[in-house]
Structure formats: C-alpha cells, structure tokens
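In the numbering used here, the protein residues as written are 17 to 439.
Some notes on the structure that comes next.
Here's what the structure looks like:
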C-alpha cells in the first residue's frame, strides 16, 4: 500500500490470506479516501459563561464547546480556530469581540467571559463554530482478490475501525484525524499482527515466582483480598459499564474463570489526578491516607497502576517504589506493578502513533529495572499499547478523554498483561 495523492492510496498487487486461503491480488487498485468531515454548529446555547482562566489546564479554562467535548475534557486541534462566532442572540446577532468580551483557547475549544467585557455572570450566549472529526477506514481484500476501502464512522476522538463483512480480510487501516490536510505515511497502518503475540510462559511462571501466596489461595478456596491501587485509570468509573470493564474487574473475572474455586475479594483504593506521593501526603482520617487505606487493610495482593507517577526517572522509581516494597513486606502483602498505558503522544515525546513499540518514558524503564532487581511481578501493559500500531490501531483512539483515560479495550490490555503472569 502506498500514497497516490493527498487523499488517495494504491494497494496491490500481491497475495493475501482470505478465509484461510491464499488469494492473489493481480494488479494495483486505486483507492480514494474521503478527507475528514468538518461539522458545522449553529447557535449552540450556553446559559452562562464562567470567567476565562488562561492559567488553568486548557480543557478547564472555561466552558467547553460541545462538539469537541470528550469524556471529561476536550479534543485538542479539532476546533477550526477561526470559525468561532459568539453572539447574544440566535441567527445574525452582533458578534462579541474575542479577547475583549470573551477569551478562548482555540486549540482546546474552551471559552469564557472576560472582566470588563459585555458579558455578565448570567448572560446567555450562542456560538457558531466548526470542528473536525476523526475516522478509521479499512483496506480489505475479498476471495476474488478485489481490493476495496470501507469507510469508518466518524467520532471526535474515539473512532472504531469499521466492521469487515464475512469473506473479506482487513489488510490495513487508514487513520484520518480531524482537520488532516493530507495523508502521509504516518496515517497508514498495515495489519502486521491480528493480536499481541503472547510469548511462551516461562517456567516457573511469574506468579509462581513472585506471588506464590496469592496463587496458592487462588488454587484453593481460601479468601484472597486483592487491592487495586492507583489514579484515575483505576478509579475507572468513566468507562461505560465500569462494574465489568475496569481493568481490575476484568482481571478478577478472568482469574475466577481460570481458577473456578477461587474466593476473591476486590478492594479499590484510587484517586484521580494523583500519584503515590499524593497518598503519602494525605493526613490521618483521609479516605486516601496511605497507611489507613492501603497498609492497614492488610490485603494479600496489591496491584498498582500509576500513570501519574510518570514524572519519576529510574532513580526516583527506586526511591519511591523501594520504600513501598518494604512497607508491603511489613504487612505480608505481595505486589504486582503495572507499567502504564500510552497517553497523548506529545506527552510521551512521541512524534507518531506508528513505529512506537518502545515506550520512551524514563518511568517505564525504571519500573522494568526495579521489578527485575527486586524480583517483583511486573505486568507490562506498556508493551501491549506499543504493539497496537502493528494491529492497525492508533493508540489515541482508545483514549476516551483524548488524553489518558482508556476505554474498555484499553482496560483489557491491563488485564491481558496481568493474566499473562499466571499459569
């Protein structure tokens, strides 16, 4: 597959397996790709506007334009910057003045009133604007060797690949982010793997080596208390049907399937926007106090997830996690550390969602080194996120808030990494 224009591809010739049979594609096929859709919004009503706070996180600077609103935040770069028009009346009312009457973050799609402007605390406004939406299209081949393109359904930040009809094989996905000016190689995602290639389990397994007491309880009917400890990803209530789809719920469900006699109690201690140091800073009596809510519960197994610890370098991991290891040993608890998922590429130092197998964050390097040095179980979810591009999936399309909140597919990758530790 190759580029053949700003929004055009050429696929073939070659051979593809379709329904278990090798099919020949005799010649190259020209595949036009639709540019990303631009949505026009007229007279979006806002009953009142908060003051615009230019020092806040960009998705919290003011009111959110609804078209670019995601789960909790807004989708950066989807708003057409010069398309915004704010008025006091529907239709062709007099436009208010940006930077005088209202402030706006044109990248993140938030806006609010300004001191001394025309808007009062309870003044309603109407907004016209345009925004782009994202899409994943699929290149498919049928049993006759015909190549075609199936367009996906557009979404502001979490488009899914389209369903492929029976008798066809998906050979590539085309990533069409909102407001994309033209396709480049970075938008082409050949299907190199259908799934993450599970390596052969070492013998003994990591669970047998590093969490033997928990494994023994799983194999018997003795009660096993698992404490899921983390940040907003572990809070996880933003995921639809979170009672089944959070990573810890998926993990426990699958443990019970593998060990039918298991008697598992799951406890979740998590707080959004925080890291391990935040728990240490909480005073006695707080619902997030580390000693009272983690150590004093005396769980059998602690499974931690802290993408918000990503500020730590390997030396910082050794200090912070080394003390936690001592604490957990003091209460007789075993520990599984999870490496974090992929977040916004620019937050990770990535320039593309392709060719990103290796997580560049020093924190992840530190976790891997720490686990190996101290013989702690490591569920390496990061590896699975880094492999998504080989499965034709841009990793950001699994982020419900377009920043760092994984959907149920992303949560499953944590559970997959955890289950890989167990026999």
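All C-beta atoms, glycine included, are put in the ideal place defined by N, C-alpha and C.
Beta-carbon proximity of residue i to residue j, cut-off 9 Å
{"i": "residue 394", "j": "residue 404", "result": "no"}
{"i": "residue 170", "j": "residue 52", "result": "yes"}
{"i": "residue 68", "j": "residue 102", "result": "no"}
{"i": "residue 147", "j": "residue 125", "result": "yes"}
{"i": "residue 426", "j": "residue 414", "result": "yes"}
{"i": "residue 349", "j": "residue 316", "result": "yes"}
{"i": "residue 227", "j": "residue 363", "result": "no"}
{"i": "residue 375", "j": "residue 398", "result": "yes"}
{"i": "residue 17", "j": "residue 187", "result": "yes"}
{"i": "residue 19", "j": "residue 163", "result": "no"}
{"i": "residue 59", "j": "residue 194", "result": "no"}
{"i": "residue 353", "j": "residue 310", "result": "no"}
{"i": "residue 437", "j": "residue 221", "result": "yes"}
{"i": "residue 73", "j": "residue 104", "result": "no"}
{"i": "residue 282", "j": "residue 264", "result": "yes"}
{"i": "residue 407", "j": "residue 278", "result": "no"}
{"i": "residue 256", "j": "residue 161", "result": "no"}
Contact set for residue i: own chain, Cβ-Cβ below 6 Å, skip 5 residues either direction
{"i": "residue 31", "result": "38 and 40"}
{"i": "residue 355", "result": "380, 383, 396, 397 and 398"}
{"i": "residue 56", "result": "146"}
{"i": "residue 439", "result": "221"}
Helix, strand or coil at residue i [DSSP, three-state]
{"i": "residue 346", "result": "helix"}
{"i": "residue 206", "result": "strand"}
{"i": "residue 263", "result": "helix"}
{"i": "residue 130", "result": "coil"}
{"i": "residue 403", "result": "helix"}
{"i": "residue 43", "result": "coil"}
{"i": "residue 324", "result": "helix"}
{"i": "residue 306", "result": "helix"}
{"i": "residue 86", "result": "coil"}
{"i": "residue 68", "result": "coil"}
{"i": "residue 376", "result": "coil"}
{"i": "residue 298", "result": "coil"}
{"i": "residue 390", "result": "helix"}
{"i": "residue 292", "result": "helix"}
{"i": "residue 200", "result": "coil"}
{"i": "residue 139", "result": "coil"}
{"i": "residue 174", "result": "coil"}
{"i": "residue 249", "result": "helix"}
Length of the line joining the Cα atoms of residue i and residue j
{"i": "residue 247", "j": "residue 304", "result": "11 Å"}
{"i": "residue 54", "j": "residue 149", "result": "7 Å"}
{"i": "residue 361", "j": "residue 373", "result": "13 Å"}
{"i": "residue 253", "j": "residue 110", "result": "42 Å"}
{"i": "residue 71", "j": "residue 119", "result": "12 Å"}
{"i": "residue 166", "j": "residue 290", "result": "41 Å"}
{"i": "residue 260", "j": "residue 271", "result": "13 Å"}
{"i": "residue 230", "j": "residue 344", "result": "14 Å"}
{"i": "residue 319", "j": "residue 245", "result": "6 Å"}
{"i": "residue 117", "j": "residue 85", "result": "23 Å"}
{"i": "residue 106", "j": "residue 207", "result": "48 Å"}
{"i": "residue 45", "j": "residue 29", "result": "8 Å"}
{"i": "residue 296", "j": "residue 23", "result": "52 Å"}
{"i": "residue 433", "j": "residue 324", "result": "19 Å"}
{"i": "residue 288", "j": "residue 180", "result": "37 Å"}
{"i": "residue 346", "j": "residue 76", "result": "42 Å"}
{"i": "residue 131", "j": "residue 250", "result": "39 Å"}
{"i": "residue 232", "j": "residue 322", "result": "27 Å"}
{"i": "residue 88", "j": "residue 416", "result": "8 Å"}
{"i": "residue 300", "j": "residue 306", "result": "9 Å"}
{"i": "residue 339", "j": "residue 201", "result": "45 Å"}
{"i": "residue 192", "j": "residue 420", "result": "20 Å"}
{"i": "residue 98", "j": "residue 144", "result": "11 Å"}
{"i": "residue 158", "j": "residue 185", "result": "6 Å"}
Residues that residue i bridges to, as DSSP identifies them
{"i": "residue 144", "result": "101"}
{"i": "residue 237", "result": "In the DSSP output, where bridge partners are listed per residue, residue 237 has none listed."}
{"i": "residue 221", "result": "Answer by DSSP bridge pairing: none, since residue 221 is not bridged."}
{"i": "residue 409", "result": "Paired residue(s): none; residue 409 is not in a bridge."}
{"i": "residue 358", "result": "Paired residue(s): none; residue 358 is not in a bridge."}
{"i": "residue 121", "result": "126"}
{"i": "residue 153", "result": "190"}
{"i": "residue 27", "result": "45"}
Contacting residues, own chain, Cβ-Cβ under 8 Å from residue i (five flanking each side not counted)
{"i": "residue 64", "result": "137, 138, 139 and 140"}
{"i": "residue 178", "result": "152, 153, 154, 166, 167, 168 and 169"}
{"i": "residue 190", "result": "25, 49, 152, 153, 154, 155, 165, 199, 203, 204 and 205"}
{"i": "residue 371", "result": "405"}
{"i": "residue 386", "result": "330, 333, 334, 337, 338, 353 and 392"}
{"i": "residue 197", "result": "22"}
Contact with chain B by residue i, beta-carbon distance below 9 Å
{"i": "residue 265", "result": "In summary, chain B is missing from the structure at hand, where a single protein chain is found."}
Cβ shell of residue i (< 7 Å), same chain only, five flanking positions each side left out
{"i": "residue 280", "result": "240, 242, 268, 271 and 272"}
{"i": "residue 377", "result": "326 and 364"}
{"i": "residue 91", "result": "84, 172, 173 and 418"}
{"i": "residue 275", "result": "234 and 235"}
{"i": "residue 114", "result": "120"}
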